[in-house]
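Enquirer: Let me begin by handing over the structure; questions about it come next.
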Amino acid sequence: MAEPKARIRKFLVVIDKTPECQVALRFATRRAQHTGGRVTLMCPATPGEFQQWRGVQEIMKDEAHAEAEALLHAAAKTVNDLSEQDWAQLRHDLGNQRALGMSLDAGGHLTHGFRHNISGKMFDQRSYGTDPESGLVDYAALREQAREFRPLIIIAGYSAYPRLINFATMREIADEVGATLMVDMAHFAGLVAGKVLTGDYDPVPFAQVTTTTTHKSLRGPRGGMVLCDADLAPFVDRGCPAVLGGPLGHVMAAKAVALAEARTPDFRDYARRIVENSRALADGLLRRGVRLVTGGTDNHLVLLDVSPFGLTGRQAESALLQSGIVTNRNSIPRDPNGAWYTSGVRLGTPALTTLGLSGAEMDDIADVIATVLRATTPLTATAKAKYVLDADVAAASRQRCADLLAKHPLYPGIDL
Ligand SMILES: Cc1ncc(COP(=O)(O)O)c(C=O)c1O
Numbered sequence: 584m585a586e587p588k589a590r591i592r593k594f595l596v597v598i599d600k601t602p603e604c605q606v607a608l609r610f611a612t613r614r615a616q617h618t619g620g621r622v623t624l625m626c627p628a629t630p631g632e633f634q635q636w637r638g639v640q641e642i643m644k645d646e647a648h649a650e651a652e653a654l655l656h657a658a659a660k661t662v663n664d665l666s667e668q669d670w671a672q673l674r675h676d677l678g679n680q681r682a683l684g685m686s687l688d689a690g691g692h693l694t695h696g697f698r699h700n701i702s703g704k705m706f707d708q709r710s711y712g713t714d715p716e717s718g719l720v721d722y723a724a725l726r727e728q729a730r731e732f733r734p735l736i737i738i739a740g741y742s743a744y745p746r747l748i749n750f751a752t753m754r755e756i757a758d759e760v761g762a763t764l765m766v767d768m769a770h771f772a773g774l775v776a777g778k779v780l781t782g783d784y785d786p787v788p789f790a791q792v793t794t795t796t797t798h799k800s801l802r803g804p805r806g807g808m809v810l811c812d813a814d815l816a817p818f819v820d821r822g823c824p825a826v827l828g829g830p831l832g833h834v835m836a837a838k839a840v841a842l843a844e845a846r847t848p849d850f851r852d853y854a855r856r857i858v859e860n861s862r863a864l865a866d867g868l869l870r871r872g873v874r875l876v877t878g879g880t881d882n883h884l885v886l887l888d889v890s891p892f893g894l895t896g897r898q899a900e901s902a903l904l905q906s907g908i909v910t911n912r913n914s915i916p917r918d919p920n921g922a923w924y925t926s927g928v929r930l931g932t933p934a935l936t937t938l939g940l941s942g943a944e945m946d947d948i949a950d951v952i953a954t955v956l957r958a959t960t961p962l963t964a965t966a967k968a969k970y971v972l973d974a975d976v977a978a979a980s981r982q983r984c985a986d987l988l989a990k991h992p993l994y995p996g997i998d999l
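The sequence shown runs 584 to 999 under the numbering used here.
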């Protein structure tokens, strides 16, 4: 296995996957020209902020220097202007680091190597999918792929996979090929903290690096965290400021509150109810003939295949919104409609669980969804966005949603 120092240079690139990084990289490449190759991946807005960041800059410069030469090749352009050739050169200069992540249409995230995302450009990247029949991760196929591709990093985690991932197996595969396992638990961090995902399904003991957002099922402020093995900590600590716009004290405080809440019995109860509600929603949809990717759920999300209704994900999403239900369209495995129109709709239960909705109400929601989808048709035979929804169904559904929510006010003590 590579020495930590060598590995962390590569992690700096992994962490540089956010939209913020695109801005940071743009500044970095410009600054690299002006500072004789010393890259400072930050853009302080005020003199005060500049002072605050100088310490960080000092820490950064040794590590960053190594990246500077590679970045200089692309220096005259912004990230969005780089040609395929520029990216190939950059990948080459960074040592053609290989990453293997879950494909977008199988439920992976854009930042796990999708070709249009910076993560898919800075790495020599390949994706793993799911079994075409079951829709589940095929660990044997993944192991074969890893043996053949020999990635430096295997990325596990998802934004639209309704089942559990066995992280013990993922780590075994990573170890076998000498890769580092990075898990992005952004979506299910609340289920980890709430002890619903334990044993082989808890990523933290198995991943060398675990990243998360704090604002999804963890129910904290918008933000993120990186957890890692102790040997990597000094390097991750240096890498992280590279993609931060500024230290936000109020967000740090809110994260502390969220983490304190996550340790309480109430939070465990919330995490357990999220999955109960998700299962109840899935069952309600299945009983009404709706097709679900993988046939159900084990976590906080449910992925509908709306193609049997003759709809794209985009049409279904809009019709549901018009009927009082906020969802988002999402690709399904081997999606014929691509990542823009899609054939799926993704549902998640954390927000409704926080409001206090439970089993029978999930069934009601399933009924509203099935009713709306049945009452929606594409505007024309080839339309992928425009649709027609029966106005009476839309109005009745909005009323049903309003009635459900009226029983669960967001802030009971405040008259909104
Ligand atoms: C798996 C995963 N990782 C990271 C993110 C990034 O979160 P955000 O875009 O909210 O910063 C998301 C958001 O959808 C996600 O699903």
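For every residue, glycine included, the Cβ atom is placed at its ideal position computed from N, Cα and C.
Using the beta-carbon count (16 or more within 10 Å), is M835 buried or exposed?
Expert: Label assigned to M835: exposed.
Enquirer: Which two residues bound the contiguous alpha helix (DSSP H) that contains G696?
Expert: From DSSP, G696 is part of no alpha helix (DSSP H); its letter is neither H nor E.
Enquirer: From the DSSP output, read off the bridge partner residues of V792.
Expert: The partner list for V792 (beta bridge, DSSP) reads M765 and C811.
Enquirer: Which two residues bound the contiguous beta strand (DSSP E) that contains A743?
Expert: Note, A743: premise wrong, no beta strand (DSSP E); not H, not E.
Enquirer: Considering V858, what are the terminal residues of the alpha helix (DSSP H) in which it resides?
Expert: Where V858 is concerned, the enclosing alpha helix (DSSP H) stretches over P848 to R870.
Enquirer: With distance defined between alpha-carbon atoms, name the residue in A854, T796 and D714 nearest to T694.
Expert: Out of A854, T796 and D714, T796 has the C-alpha closest to the C-alpha of T694.
Enquirer: By alpha-carbon positions, which one of V858, R856, L801 and T932 ends up nearest to A839?
Expert: Ranking the options by Cα distance to A839, first place goes to L801.
Enquirer: Looking at ligand 1, does it come within less than 6 angstroms of D688, judged from the CB to the closest heavy atom?
Expert: Every heavy atom of ligand 1 is 6 angstroms or more from the Cβ of D688, so no.
Enquirer: Once the 5 residues before and after D998 are set aside, which same chain residues still bring their CB inside 6 angstroms of it?
Expert: No residues qualify anywhere along the chain.
Enquirer: For L958, which residues in the same chain have their Cβ closer than 7 angstroms to its Cβ, ignoring the five residues on either side in sequence?
Expert: The question names Leu, yet the displayed sequence has Ala at residue 958. Answer for A958: L972, D973 and V976, listed in chain order.
Enquirer: Please state whether DSSP places S710 in a helix, a strand or coil.
Expert: Here S710 sits in strand by DSSP.
Enquirer: Could you tell me the distance, in whole angstroms, from the CA atom of S906 to the CA atom of A964?
Expert: Near 23 angstroms, if we compare the C-alpha coordinates of A964 and S906.
Enquirer: Report the partner residues of M685 according to the DSSP bridge assignment.
Expert: M685 is bridged to Y711.
Enquirer: Exposed or buried, what is L940 when buried is set at 16 or more other beta-carbons lying within 10 Å of its beta-carbon?
Expert: Looking at its Cβ environment, which holds 16 or more other Cβ atoms inside 10 Å, L940 is buried.
Enquirer: Would you kindly work out how many angstroms separate the C-alpha atoms of L764 and E755, rounded to a whole number?
Expert: Their Cα atoms are separated by approximately 9 angstroms.
Enquirer: Threshold first: 3 residues or longer. Then list the beta strand (DSSP E) segments lying entirely within the segment 904 to 930, N to C.
Expert: 911 to 913, all fully within the segment 904 to 930.
Enquirer: Tell me the rounded alpha-carbon separation between I737 and F771.
Expert: When rounded, the distance between both Cα atoms is 18 angstroms.
Enquirer: Going by beta carbon distance, what residues of the same chain come within less than 7 angstroms of R897, once the five residues before and after it are set aside?
Expert: Answer for R897: R912, Y924, T925, K967 and A968, listed in chain order.
Enquirer: Throw me the rounded Cβ distance for the V885 and L904 pair, which I believe falls under 8 angstroms.
Expert: 17 angstroms between Cβ atoms; not a contact.
Enquirer: Which residues share a DSSP beta bridge with L972?
Expert: Per DSSP, T959.
Enquirer: With a threshold of 16 other CB atoms inside 10 Å of the CB of P734, please say whether the residue is buried or exposed.
Expert: When all chains shown are included, P734 counts as buried.
Enquirer: By alpha-carbon positions, which one of Y970, A953, D946 and T960 ends up nearest to L987?
Expert: Of the candidates Y970, A953, D946 and T960, the one whose C-alpha sits nearest the C-alpha of L987 is D946.
Enquirer: How about F706 and Q680: are their beta carbons less than 7 angstroms apart?
Expert: For F706 and Q680, yes; Cβs fall inside 7 angstroms.
Enquirer: I need the DSSP call for I581, collapsed to helix, strand or coil.
Expert: Not covered by the structure: residue 581. The range shown for the chain is 584 to 999.
Enquirer: Under 7 angstroms between the Cβ atoms of G921 and D888?
Expert: Result no, Cβ atoms of G921 and D888 do not sit closer than 7 angstroms.
Enquirer: Could you tell me the distance, in whole angstroms, from the CA atom of A845 to the CA atom of E716?
Expert: If you take the alpha carbons of A845 and E716, they lie about 37 angstroms apart.
Enquirer: Hey, is H770 close to ligand 1, as in C-beta under 6 angstroms from one of its heavy atoms?
Expert: Checking every heavy atom of ligand 1 against the Cβ of H770, one is found closer than 6 angstroms.
Enquirer: In terms of residues, what are the limits of the beta strand (DSSP E) holding V580?
Expert: Because the chain is modelled from 584 through 999, residue 580 falls outside the range shown and cannot be assessed.
Enquirer: Is any non-hydrogen atom of ligand 1 found closer than 6 angstroms to the C-beta of G740, if you look at the structure I gave you?
Expert: Answer for G740: yes, Cβ within range of ligand 1.
Enquirer: DSSP puts V885 in a beta bridge; with which residues?
Expert: Answer by DSSP bridge pairing, in chain order: L930.
Enquirer: What residue range is occupied by the uninterrupted alpha helix (DSSP H) comprising F771?
Expert: Looking at the DSSP string, F771 is not in any alpha helix (DSSP H), and its letter there is neither H nor E.
Enquirer: Given A689, which residues of its chain have a CB within under 6 angstroms of its CB, disregarding the five upstream and five downstream residues?
Expert: The residues are G712, T713 and P916.
Enquirer: On the criterion of 16 or more Cβ atoms from any shown chain inside 10 Å, does P745 qualify as buried, or is it exposed?
Expert: The residue is buried, with at least 16 neighbouring Cβ atoms inside 10 Å.
Enquirer: Using a threshold of 7 angstroms, state whether the C-beta atoms of N860 and T781 are closer than that.
Expert: No. Outside cutoff.
Enquirer: Under a Cβ-count criterion, where at least 16 other Cβ atoms within 10 Å of its own Cβ denotes burial, should Y994 be classed as buried or exposed?
Expert: Burial call: exposed.
Enquirer: Count the other CB atoms, across all protein chains shown, that sit within 10 Å of the CB of S666; report buried if there are 16 or more and exposed otherwise.
Expert: Exposed.
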